[in-house]
Each structure stands twice: as structure tokens, then as C-alpha cells.
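Novice: Handing you this structure, nothing more for now.
Protein chains in written order, with the working numbering: chain Y, 1 to 485; chain D, 1 to 445.
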């Protein structure tokens, strides 16, 4: 579907049911904007979502939801006024526009003339995942996961699998004089298994997804590998010893361990924190923040990826922004508001959880580019270290720069070899300098399979992370056993 | 208040419509819940208003049971078209999910019949001018501290909510509540090193909020005292968790004894009922009927009447946290916890000292005031989180510490609780004092 077809579809779903005309949209925008304002926009959204959950061998839950509404934002210098409504009608949107304006309506309103924004290259299908396969097929898939996981290993005593999808249609018009629309699909499959042996329990999780339909998820043929991974991790953890406490050389696996980049530097490069000078990375453009082998990008244009967007939630086409090039900090990530106040351009990173939330600078797909070493060479170079093959979530304090992420699969490295598995542990480091301690970058760049969600100021958005295998010379590992020599 | 009456009528109509439609489509039982709310949030940063948000939310959820199968749908759109669509969709889902004898609405006798007045509704005529004045007063007081170099701002919010529930057993009830809060987050700096911290006040009754200038002052003091933090050498010591964060440990306890974790056997406390999991002096009580409290509710998300009960007495676990489904799964009674817990009070029956008195008793240990990360595994009880706080020696705080982790296993951490302070933090559904836990692994350099 090209931009024009997407726009027509959005108008049918969002504007036509309440007979909202092009001129109405211009008038609503005008009501939220006077000559003294800098910017106003209107964001109308319709989201359909479904979820299916299997546990204890049965289809326990099925759910469907509709979320519809419009948000209006009006900006004057540093001040943002915002109001939203669940009722997409001219009356309710006009009321929201008047509330968002924040100033009395005694100033001369400006006439707004809107035209369609130029074509943006689409990153995904506009088809709805919800009805791409039948309900029976969805449930069969979940039952297959249950049977298959239990068959793989008799120690698997519980399987919890969830299959969710959403289809979102948005329409955005702004006082920049343009309007645009986007239709976004999303699918996510997540598998959590519990292994039990001699009264000891451990879990393993894996999953995948992205901006496509269920059909595509099945055609990719990765589901068996997700089941294998979840079962492998749970049973492996049954054998795991206590993780060490203290500082060691750490090797991080490729793919999801890229959550390191997301926490350690990604958040600190978001334009709102930079404008407010609350990030430890403020004023560091052009400075060395990483080893010369490190190049990091935020790329919203990748096809079908969970963090991808054809246009962001302010109507800007997404782009591939190089954040760190050969170790030098080259760019921050901006939405329109913070870019305007900083006198720079938006990098297409303006995102919001929904019409009921204000946009902020957010990451899309953030990853480190591949280097020269094979993963084996990296492991072989370590005499005594910690190999974190997979991770759970992380968190950062962007002001002090301290960040954590929690390993879900880890091993000790002794004399260049991976030895025994150890239990998960939280790793803690200092964002502004952790990448200067990256001494080897692998040639095996991978992005995560598409299950990540990033939370910021109470708003959740889907993201992707990625990296090749990397070696970090010193990180603190939060285990429970004493470090042996 | 014409708008409220209209709202009430709309809620009633939407509920009746969904109940009738679902029955027409062949549902054996139906439950419709509606939540509506409105409010404002204003943030002032560096003396000027940064954002003003007007909230207005509504969501309707319908649970449909067809025999022993269940389907759920929800919508923010209350038009008849949308309501018909979600009821139809819930019925369709209920035609394909698994048959499960544990499904169904609560038995009639469990449903609440008379609503206690919990005094949860205290509207606040907060004008934007006042909202600016209060946040500015709060932030200015923080910035009066010479070491405060920057601010993330002060935010005030006031929100009113109505929760309604009706089911096909003839149950229909609703209650209103309010929540107001003011917070402040500021940055202290010294030689290029920055530290941020925050403070807040929150209450159902705006008259009972803390003084706004005090909130700013505390936020500033907290940020300043973190300056010049350093890491420490890896060690095994007693760790005192500040009351603000101690509740996170009991929130893990809640996750570990909540129905689904028990019947799925995905909790390290799966077989812990009637067993001693805490020291003798520890008592944990759920008190859903405390007037004006944040977690108070007359009935749970299924309409079951809430009651006060002891979860832990003399360290022994006496009850899980259950809704109707998990109770039936376990052959037990629901504890009226569909939707969560209602005021969980953690108390020590002896040695009721304040946080400061406990610090004085520590010979060598760590006082943790902030935790980050998600390193809690409910399946195994393994605990490993990022932390910052203060190093304590001979009963005195020595210096601030950061870039460390605290680790252990919740099962032994619970048993190794040495003290719970008497100065509890009441700004939460889980109300606990500071908690001193022996023998945790602290990783640093």
C-alpha cells in the first residue's frame, strides 16, 4: 500500500465514522494554535489488539480490545498543553483543542492549511495480523508449543505461551501544514517454560515477533527454535552454579545482549534529556565515548522489525541515525519539540504510547555494527571471565550514568574456554565510560528476535536491540559467590 | 455536577447493553466492569510551566462465560457499534478457549452486599494557576539549596476515578475515589559529577498532602547527599533497605504467593502454606478498609467483598492471594484479591525501632536507598539488583556508595530479616518500614 492508500484507509476508519472533514481538522488545529504559538498537532488513533494465553496445557485466556481516541498538543516556547478524548467527533476534539491551547482564546487565531505529506518508504505490510489466520490455527500453534516443549525434555513441567497481535491506524496533522497516516501491524510470541528436577525449579524464556502478520511469523520457520531455546535455557539453569560477585572481564553474546547499548548510552542520547542537560552525555558531541571499534546506530527503517516505523508519531519519516562512529559521539535522537528548542532537526524519533500520551524522543532499533573478530577468538582471548549469552531487562539512571542489565544465561570463562553455567545475575556499570572498555567487537551482528518493550516516564513502546559478540574489560557482576582466582 | 449524572447514566446504559447483548448471544454468565476518570497534571521546570495535561479516560471490559469457557474484550469507545463488536468478540473467543471447570463469576454469597464508606473520594478544585503556584513553591524550595544545579521539574496531579461492576447474577455496584500527588526531581552537581533524586507526597485527600516546600527540600537533600558517591569492595554484610524501597521486597513476596504462581507452580513459595518463611516477630496483614488509604477498596475486581486478614503471623504463611479462578484451581476460597492487594501492612511485633535507631545498631553494613533493574526471579527466589546508598560503620553513615549490586535468595532473605522499622512509608499499597536483612552479597570493585 502506498502513502495515499494508507491515508484513504485511515480517513475511512478514523474520520468518516463521525463525518470529520478535511476543513474540520484544519479548524480543530486552528483552535489549539494562535500567532504566539510555535506548533500544534492532532493525533487520531484506532488500535485493535488480541491476545491468547496457554498455561497448564489449556487455552486459559483469550482477549480482544479496541482503543480509539484523539490527542491534541499545543506548544508555545517551552510550554506544552495537551488534552485527549476517547470520542473522535468534531465537538470532543474541539473541546480538547481548546483545553490544549493553555492560553485564553483572545488572541487572533491563525488559519491552518493542510496538505498531504510526501511519500515515505513503507517498512511493513498494512495488513491486519488479527485475522491473517483463523482462531483455530492460533490455538493449534499454542498447543503445538506446549506438546513440543514437554516432548523435548521430561523435566519441563510447565509451559506458558502467549500469542498477541495488534493493528494500529493513525492520522497526524500538524501546524507545519502537513498531514500523514500510518498503518502498523505487530505480532509477538513468547514462550516461558519451567523445568523441575529433584525439587529444584528453573525457568527459560524465548520468543519473537515484529511488524508483520501471523502468517509471516509461521512462514519464517523460527518457532521450533524459540521452543528449543526456552527448553535449553531452563534445563541448563538446573545445572547452573552460583554466579560470582565482583569485577571481571565480561563477554556479551550477540543479539538481545545489545540491551547494554540501549541502557548504557541509548537513553542518555535522547534529545529531551540533552535539552534539559540532565544526561551525563550532554555537550559531548565530537568527544570519544567508546573504543574506536565501536559504531552504534538507531535505525527505524529496517523492514518488519519490532522497533521500525514508516513515519514516527509526529509524521516524520524514520531514518538511520549514527549515534557513535568509530568511538566518537556523532548525534543525539530528537523529536520535533526538543529539536526546535535546540535549533536542530527531528531525527524521526518522536514516539508516544498512544493518543493519550505526549510524544517524546524514543529509540527504534538500536544496535552496534559488526567488527572483525569471530566470537571464538573473543572467548579465547579471556583468561578468567564471565560470558553472558543472554539477558533479561535493564534500567539506567541517565543522570549518574549508572546502568544495570540482568543475565538470564551465563557461563564462566577459564583459560579461553567456556566452562560451567552460572545462575543469572545483574551486571552494573557506568554508561559514559563502559564503551571505552570494549576491547573486541565480533563479526556476528544480530538483532533480537522482536520481543522488547522500552519504558520511559510511564510510556511503553516496542523497540529492538542488537550487537555482535563484544568483550568489555571490566564490569561488576552481582552474583552471590566469592570470586575465585 | 450535571456531567457526573450523565456519566452515571451512561455507565448504567453501557453495562445493561453489554449484559443483555452477551446473554442474547448465548452467554451463561457475564461480568461488565467500567472505569472512568479525569484529571489534570501540570509540570513546572526551572520556574516555568513545562506541560499541562488534561486527562479523560474510560474503559469498559466484558468477561463472557459460555458454559466453562471464557472470553474477554475491552473498549475505550462506548458507542453501540463498539460495544456490540466487543461483546460479539468476547463470545467468539469463549467459543474457542478451553473448557475449564474453574471458570465463572463469583458464587452469589461472596458478592458484596453493603458498601462500607471508605472515604476515598475527595475532589480538589485545583485551578491551573494554583497548580503552577504549588509546583513552583516546591521546585523553588529545592533550588534554594546551593548544590542544586538543575531540575527535572515538579509535577502535580489530581485525578478522580469511578469504578463500576455489574454481573449476570444481579450484582451492580460502584465507588468513586480520588488521588492527588505532588513530586519533585532535582539534580545536584559537584565537579562535573551529577546526582539526581526525587521526593513526593500523595494522598486521596488533598488536605493531607505534605507541605509542598518540604517535598522540594527533601528532594534536594536526597540528591545532594548522593554527591561524591564511590563504589566499595565486594563484601558480605547486613543490608538495611530504606522504607521507600523495602516495599519492593514485599512486592516480590506478593508475586510469589499470588494464585497463578501457586497453581502453575512457578513460585519459590509454591508449597509454603502453613510454613515458617519469616522470623517470629514478623506479621503481614491485609487491611482493605482503612479510611482514605491508597489500597482501600470495598470489593475486588470480581465484586467479592474485601475483608481484613492475616497473611503472615509469627513468621508463618497463613494465606495465599487469590481470585475466584485460582481459588477454585487450588480448592480454596477467594481472598478477594482479583485486581491486586488492598493495603498490605508489614509489622514487627518486637524491637520497634526507627530507621535511624536501626542504623545506629549496624556495626558494618550497607544502607540502600535506591534499587534499579529487574533482577528478581520469582521461580527460584534468586535476587540480584543494582543499588546505591550509604556505607555504615559503628552506627554512623560514612559516605554515599553507587555502582554496586546486592544479591541473595529471597527465601533466605525473608528468614534473615533482623528488623523492620516503625517509621513506615504509607504512600503505597504495601506499607512497610525500613528492613534490615543479614548477610547479603554486595558486589563492587
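From the three backbone atoms N, C-alpha and C, an ideal C-beta is built for every residue, glycine too. Nothing here was measured: the structure is a model prediction, and the numbers come from that model.
1. Is it right to say residue 298 of chain Y is buried, meaning 16 or more other beta carbons lie within 10 angstroms of its own, or is it exposed?
2. Specify, as a first and last residue, the run of the beta strand (DSSP E) that residue 167 of chain Y falls within.
3. Please go through the same chain and pick out, in chain order, the residues whose beta-carbon is closer than 7 Å to the beta-carbon of residue 255 of chain Y, but skip the five residues on each side of it.
4. Name, going along the chain, the residues of the segment 352 to 383 of chain D whose beta-carbon falls closer than 7 Å to a beta-carbon of chain Y.
5. Mind listing which residues of the segment 74 to 89 of chain Y have their C-beta closer than 9 Å to chain D's C-betas, in chain order?
6. Using a C-beta to C-beta distance shorter than 8 Å, which residues of chain Y count as neighbours of residue 96 of chain D?
7. Shortest alpha-carbon distance to residue 46 of chain D belongs to which of D:407, D:304, D:141, D:309?
8. If I follow the unbroken beta strand (DSSP E) through residue 174 of chain D, where does it start and stop?
9. Could you have a look at residue 140 of chain Y and say whether DSSP puts it in helix, strand or coil?
10. How is the beta strand (DSSP E) around residue 9 of chain Y delimited, first residue to last?
11. Let me check understanding here. Comparing Cα to Cα, which of D:248, D:172, D:227, D:26 lies closest to residue 16 of chain D?
12. Three or more C-beta pairs closer than 8 Å, one from the segment 425 to 435 of chain D and one from the segment 274 to 287 of chain Y: is that the case here?
13. Tell me the DSSP bridge mates of residue 273 of chain Y?
14. Which residues in chain Y have a C-beta closer than 8 Å to the C-beta of residue 52 of chain D? List them in chain order.
15. Secondary structure at residue 96 of chain D, three-state DSSP: helix, strand or coil?
16. Here's the rule I'm using: 16 or more other beta-carbon atoms within 10 Å means buried, otherwise exposed. How should residue 342 of chain D be labelled?
17. Can you find a CB in chain D that lies within less than 7 Å of the CB of residue 319 of chain Y?
18. Just how far apart, CA to CA, sit residue 368 of chain Y and residue 269 of chain Y?
19. Among residues of its own chain, excluding the 5 on either side of residue 43 of chain D, which ones have a beta-carbon nearer than 6 Å to its beta-carbon?
20. Taking 6 Å as the cut-off, is the CB of residue 193 of chain D close to at least one heavy atom of the ligand SAM?
21. How long is the line joining the alpha carbons of residue 361 of chain D and residue 239 of chain D, rounded to whole angstroms?
22. Give every residue of the same chain whose Cβ lies closer than 6 Å to the Cβ of residue 2 of chain D, excluding the five residues on either side of it in the sequence, and list them in chain order.
23. Could you say which of Y:6, Y:230, Y:41, Y:143 lies nearest to residue 121 of chain Y if we only look at CA atoms?
24. Looking at the structure shown, is residue 3 of chain D part of a helix, part of a strand, or coil, going by DSSP?
25. Identify the contact partners of residue 225 of chain Y in chain D, using a Cβ-Cβ distance below 7 Å as the criterion.
26. Can you tell which of Y:442, Y:458, Y:234 has the C-alpha that lies nearest to the C-alpha of residue 468 of chain Y?
27. Between residue 405 of chain D and chain Y, is there a C-beta pair that is closer than 7 Å?
28. Could you tell me whether the Cβ of residue 445 of chain D comes closer than 7 Å to any Cβ of chain Y?
29. Please report whether the beta-carbon of residue 478 of chain Y lies at a distance below 7 Å from any beta-carbon of chain D.
30. Got a sec? Which residues, its chain only, sit under 7 Å from residue 118 of chain D by beta carbon, not counting five neighbours each side?
31. Where residue 74 of chain D and residue 392 of chain Y are concerned, what is the direct C-alpha to C-alpha distance, given to the nearest angstrom?
32. Please confirm if residue 334 of chain Y has its CB atom under 7 Å from at least one CB of chain D.
33. By Cβ distance, which residues of its chain are closer than 8 Å to residue 80 of chain Y, with the 5 residues on each side in sequence left out?
34. What does residue 264 of chain D reach in chain Y if we use C-beta pairs closer than 9 Å?
35. On a Cα-Cα basis, can you pick out the residue from D:395, D:194, D:383 that is closest to residue 413 of chain D?
36. By DSSP's criteria, residue 329 of chain Y is part of a beta bridge. Which residues make up the other side?
Specialist: To lay it out plainly:
1. Against the first chain, residue 298 of chain Y aligns to sequence position 298. Looking at its Cβ environment, which holds 16 or more other Cβ atoms inside 10 Å, residue 298 of chain Y is buried.
2. For the purposes of this step, residue 167 of chain Y is identified with residue 167 of the first chain, where counting begins at 1. Start and end: 156 to 174.
3. Locating residue 255 of chain Y in the first chain gives position 255, where the first residue counts as 1. Closer than 7 Å at Cβ, skipping near neighbours: 446, 447, 448, 466.
4. 372, 373, 374, 375, 377, 379, 380, 382
5. Within the segment 74 to 89 of chain Y, the qualifying residues are 77, 78, 79, 80, 81, 82, 83, 84, 85, 86, 87, 88.
6. Along the second chain, read from residue 1 onward, the residue named residue 96 of chain D stands at position 96. Listed along the chain, the chain Y residues whose CB falls inside 8 Å of the CB of residue 96 of chain D are 59, 62, 135, 136, 139.
7. Walking along the second chain from the start, residue 46 of chain D turns up at place 46. Per the Cα distances, D:141.
8. Counted from its first residue, the second chain places residue 174 of chain D at position 174. Here the beta strand (DSSP E) through residue 174 of chain D covers 172 to 190.
9. Along the first chain, read from residue 1 onward, the residue named residue 140 of chain Y stands at position 140. Per DSSP, reduced to three states, the secondary structure at residue 140 of chain Y is helical.
10. As a working mapping, residue 9 of chain Y is identified with position 9 in the first chain. Unbroken run through residue 9 of chain Y is the alpha helix (DSSP H), 3 to 10; no beta strand (DSSP E).
11. Counting from 1 along the second chain, the entry for residue 16 of chain D is found at position 16. For residue 16 of chain D, the nearest C-alpha among the options comes from D:172.
12. no
13. In the first chain, the residue the question calls residue 273 of chain Y occupies position 273. BP columns for residue 273 of chain Y are empty, so no partner.
14. Counting from 1 along the second chain, the entry for residue 52 of chain D is found at position 52. Neighbours of residue 52 of chain D on chain Y, chain order: 79, 80, 81, 82, 102.
15. Residue mapping note: residue 96 of chain D aligns to position 96 of the second chain, counting from 1. Residue state for residue 96 of chain D is assigned as coil, using DSSP reduced to three classes.
16. In the second chain, the residue the question calls residue 342 of chain D occupies position 342. So residue 342 of chain D counts as buried.
17. Sequence index remark: in the first chain, residue 319 of chain Y carries index 319 (1-based). With 7 Å as the cut-off, residue 319 of chain Y does not count as an interface residue toward chain D.
18. Residue 368 of chain Y sits at position 368 when you count from the first residue of the first chain. Residue 269 of chain Y sits at position 269 when you count from the first residue of the first chain. For residue 368 of chain Y and residue 269 of chain Y, the distance between alpha carbons rounds to 15 Å.
19. Along the second chain, one-based indexing puts residue 43 of chain D at 43. Correct list, in chain order: 50, 51, 153, 155.
20. What this structure holds is no ligand at all, so the ligand SAM is not there to describe.
21. For the purposes of this step, residue 361 of chain D is identified with residue 361 of the second chain, where counting begins at 1. For the purposes of this step, residue 239 of chain D is identified with residue 239 of the second chain, where counting begins at 1. So the two alpha carbons sit approximately 12 Å from each other.
22. Along the second chain, read from residue 1 onward, the residue named residue 2 of chain D stands at position 2. Confidence at residue 2 of chain D is low in this model, with a pLDDT of 38, below 50, so the placement of that residue should be treated as unreliable; the coordinate-derived value is given next. Counting only Cβ-Cβ distances below 6 Å, and skipping sequence neighbours, we find nothing.
23. The count along the first chain starts at 1 and reaches residue 121 of chain Y at position 121. For residue 121 of chain Y, the nearest C-alpha among the options comes from Y:6.
24. Looking up residue 3 of chain D in the second chain gives position 3. For residue 3 of chain D, the predicted model reports a pLDDT of 45, less than 50, meaning its position is unreliable; a value from the coordinates is still stated below. Looking at residue 3 of chain D - three-state DSSP - the assignment turns out to be helix.
25. Residue mapping note: residue 225 of chain Y aligns to position 225 of the first chain, counting from 1. Near residue 225 of chain Y there are no residues of chain D at all, since even the closest Cβ is about 23 Å away, more than 7 Å.
26. Numbered from its first residue, the first chain carries residue 468 of chain Y at position 468. With distances taken between Cα atoms, residue 468 of chain Y lies closest to Y:442.
27. Position 405 of the second chain, counted from the start, is the residue given in the question as residue 405 of chain D. So, interface residue.
28. The residue labelled residue 445 of chain D in the question sits at position 445 within the second chain. So, interface residue.
29. Within the first chain, the letter at position 478 stands for residue 478 of chain Y. With 7 Å as the cut-off, residue 478 of chain Y counts as an interface residue toward chain D.
30. Here residue 118 of chain D refers to the residue found at position 118 of the second chain. So the qualifying residues of the chain are 289, 291, 296, 298.
31. For the purposes of this step, residue 74 of chain D is identified with residue 74 of the second chain, where counting begins at 1. For the purposes of this step, residue 392 of chain Y is identified with residue 392 of the first chain, where counting begins at 1. When rounded, the separation of the alpha-carbon atoms in residue 74 of chain D and residue 392 of chain Y is 30 Å.
32. Along the first chain, one-based indexing puts residue 334 of chain Y at 334. False, the Cβ-Cβ gap to chain D never drops below 7 Å.
33. As a working mapping, residue 80 of chain Y is identified with position 80 in the first chain. Here the set comprises 73, 74, 337, 358.
34. Locating residue 264 of chain D in the second chain gives position 264, counting from the first residue. The contacting residues are 55, 56, 158, 160, 194.
35. What you label residue 413 of chain D is simply residue 413 of the second chain in a count that begins at 1. Considering only alpha carbons, the answer is D:383.
36. By 1-based counting over the first chain, the position of residue 329 of chain Y is 329. As DSSP reads the structure, residue 329 of chain Y sits in a beta bridge with Y:324.
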